[in-house]
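Shown next, in C-alpha cells, is the structure this report addresses.
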Amino acid sequence: MVKLTGREEAMLAGEEGAAVQKAMELLIRYADALGAEDFVETNNVAGVPGSAPPWIKQYYAADGGDYRAVFSRFDLDADEVVDIPRMNAFSCHLQGGMDPMLWREQGMSEAAFDNFRSDEQQVAEHGIQLLKTCTPYLAGNVPVMGEHCAWMESSAVIFCNSVIGGRTNCEGRESTSAAMLARRIPNWGFHRDEYRKGQHSVDVAVPVDDVFEWGMLGYFVGGEVQDTIPVIEGAIAAPSLIRHKHFGAAAASSGGVEMYHMVGITPEAPGVEAAFGGARRGETFCYDAAARRRTYETLNSVGQCEDVDYVMLGCPHYSIEQIAHAAGLIEGRKVHSNSALWIFTSRSVKALADANGHTETLRKAGALLMTDTCSAISQAVPEGTRVAALDSAKQVHYLPAMMGIEGWYGTTADCIDAACSGKWRGRLA
Ligand code: F3S
C-alpha cells in the first residue's frame with residue numbers, strides 16, 4: 001500500500017474539498033496498481049482535463065452531461081459528480097481536436113466547434129493554461145532538470161526525460177487530471193533514479209545530420225529497443241532541439257521509448273558508465289547504411305501512387321525555426337491545384353509566425369498554418385485525400401493507418417516540392 005503523508009491523509013479525508021478527495025482516491029488506486037511506495041509532489045502537469053466530444057457528454061447525460069460531470073465521472077473515475085474547483089498545480093492543456101479559426105477548412109461542424117468553444121472556456125476558468133500543443137516545451141512550459149512532472153503525450157514525455165532531464169512517466173488523462181488537483185503523482189518509473197538507466201546500446205555508423213535523418217534514426221531505435229532505454233553512441237554530433245524532437249517522437253512511435261541517452265550529449269549521460277548506471281548491458285544494435293535504407297523503405301512502404309494530394313508538416317508541432325524554413329522554401333511558389341499544404345503548430349508559435357510574416361508568406365503560396373491539433377489527432381485531412389506526404393516519421397507511422405490513405409516520408413524540401421508539383425519525387429540520397 002502506498003504510504004501517505006499527513007497532508008495526503010488530509011486530502012483523502014476531504015479537508016481540501018470533494019474533488020481533491022476523489023483525485024487522491026484515484027491516485028492511490030493508481031499507485032497501488034503500480035506498486036509505488038509513496039508520491040512525489042508535482043507542480044507541472046500537462047493533460048487534456050475535462051475536454052470531451054459531444055458523444056462523451058451524451059454518455060454522462062444522466063449526470064448533467066457537462067464539464068463537471070465529465071471531469072468527475074470520466075477524468076476522476078468518481079462514483080458521484082462533485083464540484084470541480086480551479087486546479088492546484090500549474091496545469092496545461094495539450095493538443096485538442098480542431099483549429100479555433102480554421103475549423104471549417106478542417107471539415108468540422110458548427111456543433112463540434114460550439115462544443116470545443118464551451119470546453120475551452122471551462123478549461124480556462126478552471127485555471128488550466130490553454131497551450132493546445134504536443135510541444136509544451138516550445139510554448140512556455142520548460143521544466144528544469146530533475147523536476148517531477150506529470151505529462152501525457154509520448155513525444156513530449158521522451159523530450160522531457162531525455163533532453164531536459166525532467167522526470168515524467170507517460171501519463172494518461174485520468175492521472176494528469178487528478179494530479180492537477182492533488183499535486184501528486186506516484187513515485188514510480190522515471191521519477192526514480194534506478195529506472196532512468198540505459199538498457200541497450202545503439203551504435204550509429206552513418207552520419208545523421210538533418211531532421212529527416214534523425215527521424216529515421218529514431219524510428220530505427222524504437223523498432224529495435226521497443227519500450228526500453230537506449231544509449232546512443234557513434235557517429236552523432238549534438239542534435240539541435242528540433243532534431244531531438246523528431247528523433248524522440250519517432251522512437252516513441254515505432255517502439256514505446258520514453259527516455260534515451262546520447263553519450264556526451266544528453267544531461268544524464270556524460271559518459272557510458274553514467275548512461276548505464278554502471279557497466280554496459282543489454283544488446284548492441286548497429287545503425288549502418290543497410291539499416292538506414294531498410295528504415296527508409298519501411299517508412300515509405302505505405303506509398304505507391306506518386307500523385308500527392310495532401311502535404312502535412314508539423315508533427316510534433318513545428319517550431320518557429322521550422323515554420324521560417326518552410327516559408328522560405330515555398331516563398332514565390334504556389335501549392336499545386338491538385339494538392340494542399342497544412343502546417344501545424346501551437347498558438348504561441350503561430351503568434352510569432354504571424355508577427356514575422358511567415359503566416360502571410362504561406363497563405364500567399366496557398367498553404368495554411370493551423371494550431372491546436374494535427375491530422376492524426378483531429379482525423380481531419382483535405383477532402384478526397386488519398387496520398388499524403390510527410391516529413392515526420394511519427395506521422396507516417398500513424399496517419400496512413402488511421403485514415404486509410406497512402407503516405408510518403410521525406411525531407412521538408414521533398415514535401416514542399418510535392419505540395420507545389422503534386423508529385424512525389426523524394427528519394428534516399
Ligand atoms: Fe503532435 Fe499530432 Fe504529432 S499532436 S506529436 S502533431 S501526432
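Take the sequence shown: its position 168, counting from 1, is numbered 168 in my numbering, and each next residue is one higher.
Backbone N, C-alpha and C define an ideal beta-carbon position, used for all residues, glycine too.
Other residues of its chain near residue i: CB distance less than 8 angstroms, five sequence neighbours each side excluded
| i | result |
| --- | --- |
| Tyr-398 | Ser-253, Ala-376 |
| Thr-411 | Asp-210, Val-211, Phe-212, Asp-391, Gly-426 |
| Asp-63 | Ala-69, Ser-72, Arg-73, Val-81 |
| Asp-203 | Glu-233, Gly-234, Thr-284, Phe-285, Cys-286, Tyr-287 |
| Ala-413 | Leu-329 |
| Met-402 | Ala-376, Gln-379 |
| Ala-393 | Gly-215, Met-216, Gly-218, Tyr-219, His-246, Ala-249, Ala-250, Ser-253, Ser-254, Leu-299, Tyr-409 |
| Ala-269 | Gly-198, Val-231, His-261, Met-262, Val-263, Ala-275 |
Spatial neighbours of residue i in its chain, beta-carbon cut-off 7 angstroms, leaving aside the 5 residues before and after
| i | result |
| --- | --- |
| Val-437 | This structure leaves residue 437 out entirely; the chain is present only between 1 and 429. |
| Gly-58 | At residue 58 the sequence reads Gln, which differs from the Gly that was named. Excluding residues within five positions, the ones whose Cβ falls inside 7 angstroms are Gly-65. |
| Thr-133 | Leu-94, Gln-95, Ala-139, His-317, Ser-346 |
| Asp-99 | Gln-106, Met-370, Thr-371, Asp-372, Thr-373 |
| His-358 | Ile-323, Ala-324, Ala-327 |
| Lys-423 | Glu-306, Asp-307, Val-308 |
| Gly-189 | Asn-169, Tyr-195 |
| Gly-434 | Summary: the structure shown does not reach residue 434, with the chain confined to residues 1 through 429, and so no result is reported for it. |
| His-244 | Phe-159, Val-163 |
Other residues of its chain near residue i: CB distance less than 6 angstroms, five sequence neighbours each side excluded
| i | result |
| --- | --- |
| Asn-141 | Cys-92 |
| Pro-382 | Tyr-310, Ala-340 |
| Gln-199 | Thr-228, Ile-229, Gly-282 |
| Ser-51 | Asp-119 |
| Glu-153 | Leu-94, Cys-134 |
| Phe-344 | Gly-314, His-317, Met-370, Cys-374 |
| Val-45 | Ala-89, Ser-91, Ala-150, Thr-176, Ala-179, Met-180 |
| Ala-238 | Ile-265 |
Beta carbon of residue i nearer than 7 angstroms to that of residue j
| i | j | result |
| --- | --- | --- |
| Phe-113 | Trp-103 | yes |
| Leu-26 | Leu-76 | yes |
| Gly-166 | Pro-143 | yes |
| Ile-330 | Ile-416 | yes |
| Ala-31 | Leu-181 | no |
| Phe-247 | Ala-291 | no |
| His-126 | Arg-173 | no |
| Ala-250 | Gly-223 | no |
| Ser-162 | Thr-284 | no |
| Gly-303 | Glu-406 | yes |
| Tyr-287 | Leu-428 | no |
| Lys-197 | Phe-116 | no |
| Ser-177 | Pro-54 | no |
| Val-2 | Ala-36 | yes |
| Val-396 | Leu-299 | yes |
| Val-206 | Ala-289 | yes |
| Leu-362 | Ile-320 | no |
| Val-164 | Val-208 | The question names Val, but residue 164 in the sequence shown is Ile. For Ile-164 and Val-208, no; Cβs fall outside 7 angstroms. |
| Pro-267 | Met-101 | no |
| Tyr-67 | Gln-122 | yes |
Residues that DSSP places opposite residue i in a beta bridge
| i | result |
| --- | --- |
| Lys-423 | Asp-307 |
| Tyr-30 | Partner(s): none; Tyr-30 has no beta bridge. |
| Ala-84 | It should be pointed out that residue 84 corresponds to Ile in this sequence rather than to Ala. DSSP lists no partner for Ile-84. |
| Pro-186 | Phe-39 |
| Glu-233 | Asp-203 |
| Leu-341 | Val-311, Ala-367 |
| Gly-47 | His-93 |
| Ile-128 | Ser-91 |
CB contact check: residue i to chain C, cutoff 7 angstroms
| i | result |
| --- | --- |
| Ala-23 | In the structure shown, chain C cannot be found, because there is only a single protein chain. |
Problem set entry | Touching by the beta-carbon criterion (3+ pairs, under 8 angstroms), the stretch 306-325 and the stretch 279-287 | Judged by Cβ distances under 8 angstroms, the stretch 306-325 makes no contact with the stretch 279-287, as fewer than three pairs qualify.
For this session: Mind the definition here: the stretch 220-234 touches the stretch 247-266 only if three or more C-beta pairs lie below 8 angstroms; say whether that holds.
Result: Touching, yes.
Problem set entry | For review: beta carbons within less than 5 angstroms of any heavy atom in ligand 1 | Spelled out in chain order, the answer is Gln-95, Cys-134, Ser-155, Cys-315, Pro-316, Cys-374, Ala-376, Ile-377.
Problem set entry | Three or more C-beta pairs below 8 angstroms linking the stretch 171-190 and the stretch 38-52 | With three or more CB-CB distances shorter than 8 angstroms, the stretch 171-190 counts as touching the stretch 38-52.
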